[in-house]
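Novice: Residue numbers (the working numbering), protein chains in the order written: chain A, 1 to 139; chain B, 140 to 278; chain C, 279 to 417. Okay, here's the structure, questions in a sec.
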Amino acid sequence: MAHSETLHISTAGNTDILDLTTEVQRVVRSSAIETGQATVFVIGSTATISTIEFEPGLVNHDIRAALEKLAPEAGRYLHEETWHDDNGHSHVRATVMGPSVALPVVGGIVPLGTWQQIVLIDFDTRPRERRIIVTVVGD
Amino acid sequence: MAHSETLHISTAGNTDILDLTTEVQRVVRSSAIETGQATVFVIGSTATISTIEFEPGLVNHDIRAALEKLAPEAGRYLHEETWHDDNGHSHVRATVMGPSVALPVVGGIVPLGTWQQIVLIDFDTRPRERRIIVTVVGD
Amino acid sequence: MAHSETLHISTAGNTDILDLTTEVQRVVRSSAIETGQATVFVIGSTATISTIEFEPGLVNHDIRAALEKLAPEAGRYLHEETWHDDNGHSHVRATVMGPSVALPVVGGIVPLGTWQQIVLIDFDTRPRERRIIVTVVGD
Chain A
1 MAHSETLHIS TAGNTDILDL TTEVQRVVRS SAIETGQATV FVIGSTATIS TIEFEPGLVN
61 HDIRAALEKL APEAGRYLHE ETWHDDNGHS HVRATVMGPS VALPVVGGIV PLGTWQQIVL
121 IDFDTRPRER RIIVTVVGD
Chain B
140 MAHSETLHIS TAGNTDILDL TTEVQRVVRS SAIETGQATV FVIGSTATIS TIEFEPGLVN
200 HDIRAALEKL APEAGRYLHE ETWHDDNGHS HVRATVMGPS VALPVVGGIV PLGTWQQIVL
260 IDFDTRPRER RIIVTVVGD
Chain C
279 MAHSETLHIS TAGNTDILDL TTEVQRVVRS SAIETGQATV FVIGSTATIS TIEFEPGLVN
339 HDIRAALEKL APEAGRYLHE ETWHDDNGHS HVRATVMGPS VALPVVGGIV PLGTWQQIVL
399 IDFDTRPRER RIIVTVVGD
């Protein structure tokens with residue numbers, strides 16, 4: 001069996017972190033798959049999907065601070081010089097973290113930890129309308 | 140076909156890196172799936188799954204040194220100030236690396252390189268009992 | 279249904295970034311799977327798979343510059359001291375980014391963004407012949 005749905009999510013950009021857990025669990029339930037795998041994937045090259053403890057300290061400060069070291073907003077990017085753009089750091093962060101997360105499905109749900117949420121992180125420099133593809137395969 | 144098993148792994152925390160390869164290959168064999176995909180996922184928000192050449196230099200020093208630059212143990216984390224906790228760096232490292240790895244299954248096994256092992260890395264600041272979910276789907 | 283193919287790709291090493299999109303879409307089409315998931319995985323512990331806007335600024339400079347901060351080529355690695363090798367940074371970068379990407383399959387293709395390509399990044403310090411495993415599962 002296989003099931004797919006597209007989520008439409010509005011973001012503020014600039015490392016905005018949004019909790020997708022309720023929506024992903026709803027898609028998994030509506031697939032009626034008991035055992036298998038779910039993939040959560042963001043279309044585009046300036047955003048990522050991961051898991052996090054969704055609390056304000058990590059979400060509004062700590063993740064941002066670490067990624068500023070890896071790919072600072074005010075750094076020099078040939079991407080920006082070539083395309084007269086301002087989101088070189090957004091692309092670099094997204095490529096390093098990847099566009100998706102692979103999740104297990106057991107007993108008809110994704111078995112997350114109590115303080116583990118599935119998130120979209122949008123690194124682009126402006127608000128975006130994102131399409132997130134959730135696919136579920138299994139029995 | 141779909142198959143799932145939970146592995147229970149004791150870690151020392153503090154970027155402890157443990158080789159899961161034998162256990163993951165055992166789960167794949169017991170699924171009897173010849174062609175498909177396996178997902179290895181850790182429950183919790185302070186650990187990750189990846190692959191590595193499992194040798195002491197990388198495992199005990201080099202990975203740790205790089206992650207100290209990205210998210211230093213002694214850095215300032217709002218997560219710690221809010222929750223009177225000491226594992227802000229653990230959360231940041233886990234979110235950047237992600238909670239899982241997606242693997243192919245071909246000929247009834249995961250076709251790894253000779254010097255490529257599947258590992259759990261536990262970033263938390265104390266020993267933990269981890270639950271790792273391995274799911275296999277395919278034919 | 280499940281389908282698997284191996285791609286053979288020659289790289290220049292040294293953070294060479296190669297566009298695999300056409301080949302991955304061809305494998306997905308030849309699977310005849312309409313809805314499901316594809317995994318793209320590189321065998322070996324010094325390379326990664328991700329997505330990127332495949333344009334020269336990011337590909338030839340910006341990704342490289344960020345990873346030089348995380349794991350510099352000229353850094354000190356116990357891996358190199360133990361094995362008289364020169365690719366400690368290659369291993370660290372590969373483990374942090376992971377060996378694979380999980381992708382959705384919808385309508386018989388991987389639904390990528392216009393400026394989002396699937397890439398192999400080879401961090402090793404010499405040209406390599408890489409084997410990439412693409413598996414597709416679904417209906």
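No residue lacks a Cβ here, since even glycine has one placed at the ideal position from N, Cα and C. Please read all numbers here as calculations on a predicted model, not as lab measurements.
Using a cut-off of 7 Å between C-beta atoms, extract the partners of Ser100(A) located in chain C.
Specialist: In the first sequence, the residue the question calls residue 100(A) occupies position 100. Near Ser100(A) (Cβ distances below 7 Å), the residues of chain C are Val379, Ala380, Leu381.
Novice: From Ile109(A) to Asp122(A), what does the alpha carbon distance come to, in whole angstroms?
Specialist: Against the first sequence, residue 109(A) aligns to sequence position 109. Against the first sequence, residue 122(A) aligns to sequence position 122. Going from the Cα of Ile109(A) to the Cα of Asp122(A) covers about 25 Å.
Novice: With a threshold of 8 Å between beta-carbons, can Ser184(B) be considered close to chain A, or not?
Specialist: Translated into positions along the second sequence, residue 184(B) becomes position 45. So, interface residue.
Novice: Taking 8 Å as the threshold (beta carbon to beta carbon), is Ala213(B) in contact with chain A?
Specialist: By one-based count along the second sequence, residue 213(B) stands at place 74. With 8 Å as the cut-off, Ala213(B) does not count as an interface residue toward chain A.
Novice: Please report the straight-line C-alpha distance between His89(A) and Ser239(B), rounded to a whole angstrom.
Specialist: On the first sequence, residue 89(A) is found 89 positions in, with the first residue counted as 1. On the second sequence, residue 239(B) is found 100 positions in, with the first residue counted as 1. Cα to Cα, His89(A) sits roughly 24 Å from Ser239(B).
Novice: Compare the beta carbon distance of Thr324(C) and Ala280(C) with 8 Å and say whether it is the shorter of the two.
Specialist: Counted from its first residue, the third sequence places residue 324(C) at position 46. Counted from its first residue, the third sequence places residue 280(C) at position 2. No, the pair does not count as a contact, with Cβ atoms beyond the cut-off.
Novice: Check whether the Cβ atoms of Met97(A) and Val235(B) sit closer than 8 Å, and answer yes or no.
Specialist: For this step, residue 97(A) is matched to residue 97 along the first sequence. For this step, residue 235(B) is matched to residue 96 along the second sequence. In this structure, Val235(B) lies closer than 8 Å to Met97(A) by Cβ.
Novice: Leaving out five residues before and five after Leu348(C) in sequence, what residues of the same chain have Cβ atoms less than 8 Å from its Cβ?
Specialist: Numbered from 1 along the third sequence, position 70 holds the residue referred to as residue 348(C). Val370, Arg371, Val374, listed in sequence order.
Novice: With distances taken Cα to Cα, identify the nearest neighbour of Trp115(A) among Gly183(B), Thr187(B), Val167(B).
Specialist: Residue 115(A) sits at position 115 when you count from the first residue of the first sequence. Out of Gly183(B), Thr187(B), Val167(B), Gly183(B) has the C-alpha closest to the C-alpha of Trp115(A).
Novice: Between Ser31(A) and chain B, is there a C-beta pair that is closer than 8 Å?
Specialist: On the first sequence, residue 31(A) is found 31 positions in, with the first residue counted as 1. Output row for Ser31(A): interface = no.
Novice: Just curious, the beta strand (DSSP E) that Glu407(C) is in, first and last residue?
Specialist: Against the third sequence, residue 407(C) aligns to sequence position 129. Start and end: 406-416.
Novice: Taking the C-alpha atoms as reference points, what is the distance between Glu359(C) and Val163(B)?
Specialist: Counted from its first residue, the third sequence places residue 359(C) at position 81. Counted from its first residue, the second sequence places residue 163(B) at position 24. The alpha-carbon atoms of Glu359(C) and Val163(B) are separated by roughly 31 Å.
Novice: Since Thr285(B) is in the beta strand (DSSP E), which residue starts that stretch and which ends it?
Specialist: With chain B represented from 140 up to 278, any question about residue 285(B) goes unanswered, as that position is not in the structure.
Novice: At which residues does the beta strand (DSSP E) containing Thr264(B) begin and terminate?
Specialist: Sequence index remark: in the second sequence, residue 264(B) carries index 125 (1-based). Run containing Thr264(B): none; DSSP gives neither H nor E here.
Novice: Closer than 8 Å, CB to CB, is Leu296(C) near chain A or not?
Specialist: What you label residue 296(C) is simply residue 18 of the third sequence in a count that begins at 1. No - not a single Cβ of chain A is within 8 Å of the one on Leu296(C).
Novice: Report back the beta-carbon spacing between Leu356(C) and Ala316(C) to the nearest angstrom; my notes put them in contact at under 8 Å.
Specialist: Numbered from its first residue, the third sequence carries residue 356(C) at position 78. Numbered from its first residue, the third sequence carries residue 316(C) at position 38. Leu356(C) to Ala316(C), Cβ: 36 Å. No contact.
Novice: Any beta carbon of chain B sitting closer than 8 Å to that of Ile387(C)?
Specialist: Looking up residue 387(C) in the third sequence gives position 109. Not an interface residue.
Novice: Please list, in chain order, the chain B residues whose beta carbon lies closer than 7 Å to that of Ser90(A).
Specialist: As a working note, residue 90(A) is residue 90 in the first sequence. The contacting residues do not exist; Ser90(A) stays about 15 Å from chain B at best.
Novice: Taking Cβ positions, are Ile49(A) and Phe41(A) nearer each other than 8 Å?
Specialist: Start at 1 with the first residue of the first sequence, and residue 49(A) comes out as number 49. Start at 1 with the first residue of the first sequence, and residue 41(A) comes out as number 41. Going by C-beta atoms, Ile49(A) is nearer than 8 Å to Phe41(A).
Novice: Roughly how many angstroms separate the alpha carbons of Val27(A) and Val276(B), rounded to a whole number?
Specialist: Here residue 27(A) corresponds to residue number 27 of the first sequence, with the count starting at 1. Here residue 276(B) corresponds to residue number 137 of the second sequence, with the count starting at 1. Cα to Cα, the separation comes out at about 18 Å.
Novice: Strictly under 8 Å for the Cβ-Cβ distance: is Gln303(C) near chain B by that measure?
Specialist: Residue mapping note: residue 303(C) aligns to position 25 of the third sequence, counting from 1. Output row for Gln303(C): interface = no.
Novice: Report the rounded CA-to-CA distance for Ser31(A) versus Thr51(A), giving the unit in angstroms.
Specialist: Along the first sequence, one-based indexing puts residue 31(A) at 31. Along the first sequence, one-based indexing puts residue 51(A) at 51. So the alpha carbons of these two residues sit roughly 22 Å apart.
Novice: Could you check what DSSP says for Gly252(B) in three-state terms: helix, strand or coil?
Specialist: Position 113 of the second sequence, counted from the start, is the residue given in the question as residue 252(B). Coil, per DSSP.
Novice: Could you work out which residue in Gly175(B), His147(B), Phe193(B) is closest to Ile156(B) when comparing CA atoms only?
Specialist: As a working note, residue 156(B) is residue 17 in the second sequence. It is Phe193(B) whose Cα lies nearest to the Cα of Ile156(B).
Novice: Would Trp254(B) count as contacting chain C if we go by Cβ distances under 8 Å?
Specialist: One-based indexing of the second sequence puts residue 254(B) at position 115. Closer than 8 Å to some Cβ of chain C, the Cβ of Trp254(B) qualifies, so yes.
Novice: Would you mind telling me which residues of chain A sit closer than 8 Å to Thr178(B), beta carbon to beta carbon, in chain order?
Specialist: Here residue 178(B) refers to the residue found at position 39 when the second sequence is read from its first residue. Chain A residues near Thr178(B): Gln37, Ala102, Leu103, Pro104.
Novice: Quick check on Ile43(A): does DSSP put it in helix, strand or coil?
Specialist: Within the first sequence, numbered from 1, the residue matching residue 43(A) stands at position 43. Looking at Ile43(A) - three-state DSSP - the assignment turns out to be coil, as it is neither helix nor strand.
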